[in-house]
Structure formats: structure tokens, C-alpha cells
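Residue numbers for the sequence shown follow numbering that gives the first Met the number 0, so the first one is 0 and each next one is one higher.
One structure below.
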Amino acid sequence: MTDATNSDNRDLDDRVEEAVGRAKAAADAASDQASGVLDDLSSSANEAIGRATAAASDAASQAKALAADAADDAAEFIDDASDWIQEKYRENPALVLGLAAAAGVAILVGIGAIVRAIARS
């Protein structure tokens, strides 16, 4: 081989090594950028999960508080109603027994209507 050929080969080898070096540097830069993006995505996802968990917890607490209030209100209503019924029973027992019987009949008629509607479906 001649010196010109060796020189051409050395130039080609140098160019190939330089290209490989640039490719490695570009791959490293791309890897670093991808890692940064993945870290950002992970942080955003964790933040979103935290917010969703907090919102669900708040909603559950509010629902629990509303249910407790409704139960308290219902208990107060039942106490008031039982006092009223006792008072009315002392005044006129036949009227209270008649209203109770009418309410029982109304409930039975309602249940019968529901059963018929389900049977027709």
C-alpha cells in the first residue's frame, strides 16, 4: 500500500471514530432528556394521585358528616313523633289506633302495587 492509501484509511478511521463519538454523545444527551421527562411525569402523576386521594377523602368526610346529620335529624323526628303519638293516644286512643291501621293498609297496598308492577315487567 502506498502512503496515500494509508493516509486515506487513517482519515476515514478518524472520521468514523469522530462520528461514533458524536453518536454516543447524542445518545447520552437523549437518554438524559428522557430521564428528565420521566422524572417530571412521575412527579406529576404522584401529585395528581395525591390530589385525587385528598379529594376522595374530603368527599367521604362530607358524606359521613351529612349522613350523621341526617341520622340525628331522623332520631329527633322520631322522638318528636313518638311524643306526639303518645299525647294523642292519651287524648283519643281510638283515633290513634285507626290512623295506625290506615297506615298499615296503605303500606300493604303500596307493597302490593310494587309487587304487581314487578310481576308485569
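Each residue gets a CB set at the ideal place from its N, CA and C atoms; glycine is no exception.
> Mapping DSSP to helix, strand and coil, what is Asn45?
Replying inline: Helix at Asn45.
> Hey, how far is the Cα of Asp27 from the Cα of Leu37?
Replying inline: Rounded to whole angstroms, Asp27 and Leu37 show a C-alpha spacing of 15 Å.
> By the 10 Å Cβ neighbour count, where 16 or more other Cβ atoms means buried, how is Ala105 classified, buried or exposed?
Replying inline: Ala105 should be labelled exposed.
> By DSSP, does Ser120 sit in helix, in strand, or in coil?
Replying inline: Secondary structure at Ser120: coil, using DSSP grouped into helix, strand and coil.
> How many angstroms separate the CA atom of Ile48 from the CA atom of Ser42?
Replying inline: Distance between the alpha carbons of Ile48 and Ser42 is about 10 Å.
>> Helix, strand or coil, according to DSSP, for Asn91 in the structure here?
In response: Per DSSP, reduced to three states, the secondary structure at Asn91 is coil, with no helix or strand assignment.
> Apart from the five residues on each side of it in sequence, which residues of its chain come closer than 7 Å, Cβ to Cβ, to Ala142?
Replying inline: Since the first and last residues shown for the chain are 0 and 120, residue 142 lies out of range.
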